[in-house]
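What follows is a single structure, written as structure tokens, with notes after it.
Numbering (the UniProt record's numbering), first residue to last: 1 to 816.
If you want it as structure tokens, here you go:
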């Protein structure tokens, strides 16, 4: 540290003072003045003698303090810091009114900081508890508060020291003050703004950090320091997802760094390779990665990042011969099982690109040994299935694809692709219904996927081909009949029933109108009875007041939402009005829609028939609710999905029910287990379960009686049926589905409570929503009973019975 100026030797003044001293040798002030002249001209030996003589003469306090101050500064220049420290402490203690006291505090702060830095400490705590450190902080503070000429530098050094001991908030405060002063020299200003930017960056205040670093660049510095600032600006841009700016900054920093193989240069190369790869500049990505790979100080984690970019970058450039060895190296460096499996998935893809299918399958199968993530295992199985499908190894393909299906739902895009593979595989195996089912699943569940158009086109092509097949069969049948007539023999029957059923199924799947539009039409009466009345009420009012709320309450109750559900909605509405969250009537409809959706969400429950085989479903409900029709529609749906379905006619007290089931069974292609009218329903279920197990049935759907006027006898009969089924197949019935007629309104809730108390309900199917203005019952039953809704029905067609979707239902209801 240098505390003196660099002026020329002032020989004339020195001669004048020496002459004066020769006349009055005991005047301490003359010695002090001469000492400062010597000091300014770097004649430290002579200056030291002059200041020492002044101290010996014991003049007034200010003169002695001035001489002591001069001696201290000379000792600082001579790096005699301990001696300078004692001298500065003495003058501050002994002369509190010394005019240069603020400068003495600044000098003493610097001395203490230097001693603190050059001392070897046993541990960090001793370093932080050091008196040198505490005194440095205290004297920088005194220098600032007493208005030292160096107060800007003191503020900067004070903040810098606080930053070094992790008192960032205090440091930031002092550095911000220091940054406002113009008294700092260029080097100090650069260092201050770099430090300021670093603190802001640590606090993730990227806006102020960027301003500070850019200000530092304007102050100017050596290329190495500029490189560090550009690097930090690159980090900030990357944190703000401004990748273009990050690349620009990193490249400038890298150019300033030159060919040095520092940790910072390595980090920039790796970041640049990843940024370039992300934005599909693959050539630049691999070039940066190749440079980074040459650095000697690679950690395992950095090496993994580089190898990953090289493998994927060369793969994107179609340089598969280069990508494969890098992917192999990456696999060897990672330890996480999921990361290994992902690497093997990529490696298999590379082998496929090289037409090395055997190596690809080996890589995928090896990946399955490491995979813990179910979605990843699904992707590996799908890749194996794809190869087998292309090689027409259809049995192996179907097994792998079915394994892939198990957890594909976690990624809708992937799931759609798996169903596409399944559809193609079934088509090659001539299992057309199952192929249609797979393509239909894509249209039903993955409408926005890239596979939708492919599936739709395949279904249209298949429908066209099947229609041609029907025409050919009809032509053959006509020829047969003519030949038989000519030869006077009975014609050989030719059936087109299977083909016609397939066309009907495809037509249902390709229904251009869509279920949502039919749902809106089906809910029109409920919309008119609920939403339209609410809209009319809101249109007639300017403010949300108590009268409006009471009118809303009446509309909700009349729509059969029920008192309890209505109270829940209205109480919440009043609370929001009191909090001034709902001020005008335009907000009320949106709020009601959101409340209804909140009640219905979480009540959706698709029935998973895959969780048991045979999956036994007991269908209960009051007579007239559409129970038998619902069973028929469910059987048709499951059959269309390729399931082997069996129906049990458990309502033996109503002969029409058995006949209806037989019609539905014939239509769906399902066998019906029945006994004579009036026989024991439990015996029917006993035979049905036995048959289901022996015939390898996937789903058994059992009808039951619904004579609620004989409540006690009915419940005993249902409980007996459950016991029989459970005894013959532990865990069954797997689903107890109650069918509810929406037109019965609030009576439906009372019926459900009776059945739930008697036998237990696992889910609801609400039918006839298209025939009532009381569709609000679905909201009421969801709110009052903690039982999910699996299906809703809005028409007579098979496709009008669909899995319940809360969001879709609410949109259709409120959109009208």
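We put the beta carbon where it would ideally sit given N, CA and C, even for glycine. Since the model is a prediction, treat every value here as computed from it, not as a measurement.
- Around the C-beta of residue 751, 16 or more other C-beta atoms lie within 10 Å, and the residue is accordingly described as buried.
- Taking all protein chains shown into account, residue 639 has 16 or more neighbouring C-beta atoms within 10 Å of its C-beta and is therefore buried.
- Contact between the segment 566-584 and the segment 601-610 is not established, with fewer than three Cβ pairs separated by less than 8 Å.
- Contact between the segment 217-228 and the segment 198-208 is not established, with fewer than three Cβ pairs separated by less than 8 Å.
- Rounded to the nearest angstrom, the Cβ distance from residue 143 to residue 174 is 12 Å, too far for a contact under 8 Å.
- Per DSSP, the continuous alpha helix (DSSP H) segment holding residue 231 begins and ends at 223-239.
- With a threshold of 16 other beta carbon atoms within 10 Å, residue 276 meets it and is buried.
- Three or more beta-carbon pairs separated by less than 8 Å link the segment 417-435 to the segment 453-466, which places the two stretches in contact.
- For residue 385, the enclosing alpha helix (DSSP H) stretches over residues 374-390.
- Bridge partners of residue 763 according to DSSP: 737.
- In this structure, the beta-carbon distance from residue 237 to residue 245 falls below 8 Å.
- The DSSP assignment places complete alpha helix (DSSP H) segments of no fewer than 4 residues inside the segment 133-184 at 151-164, 168-178, in order along the chain.
- Contact annotation: the segment 613-623 touches the segment 690-704, with at least three C-beta pairs closer than 8 Å.
- In terms of Cα proximity to residue 92, the closest of 116, 537, 64 is 64.
- In the DSSP annotation of this structure, the continuous segment of the beta strand (DSSP E) that includes residue 803 starts and ends at 801-803.
- With a beta-carbon spacing of about 6 Å, residue 620 and residue 736 fall inside the 8 Å limit used to define contacts.
- At a cut-off of 4 residues, the continuous stretches assigned as alpha helix (DSSP H) that sit fully inside the segment 443-490 are 452-487.
- Short of 8 Å from the beta carbon of residue 128, and not among the five residues preceding or following it, lie these beta carbons of its own chain, in chain order: 165.
- In this chain, the alpha helix (DSSP H) harbouring residue 268 covers 263-278.
- Taken through DSSP and simplified to helix, strand or coil, residue 331 comes out as helix.
- Residue 35: member of the alpha helix (DSSP H) spanning 28-40, first to last residue.
- Less than 8 Å separates the beta-carbon of residue 648 from that of residue 688.
- Across the structure, residue 68 and residue 135 are spaced so that their CA atoms are roughly 20 Å apart.
- Secondary structure at residue 790: strand, using DSSP grouped into helix, strand and coil.
- Here the segment 344-354 makes contact with the segment 302-317; the two share three or more CB pairs at distances below 8 Å.
- In the structure shown, residue 570 falls within a helical segment according to DSSP collapsed to helix, strand and coil.
- Residue 288 places its beta carbon 8 Å or farther from that of residue 310.
- For secondary structure counted as the alpha helix (DSSP H) over 4 or more consecutive residues, the segment 582-642 holds these complete runs in sequence order: 586-600, 627-640.
- The C-beta of residue 479 has fewer than 16 other C-beta atoms within 10 Å across all chains shown, which makes the residue exposed.
- About 6 Å separates the Cβ atoms of residue 780 and residue 560, confirming a contact at the 8 Å cut-off.
- Counting only the Cα atoms, residue 609 lies some 23 Å from residue 808.
- In this structure the segment 66-81 touches the segment 40-47; the number of beta carbon pairs closer than 8 Å is three or more.
- Annotation for residue 256: no beta strand (DSSP E) segment contains it, though the alpha helix (DSSP H) segment containing it runs 243-257.
- Excluding five sequence positions before and after residue 251, the CB atoms of its chain that fall closer than 8 Å to its own CB belong to 272, given in chain order.
- The three-state secondary structure of residue 560, taken from DSSP, is coil.
- Secondary structure of residue 92 (DSSP, three-state): helix.
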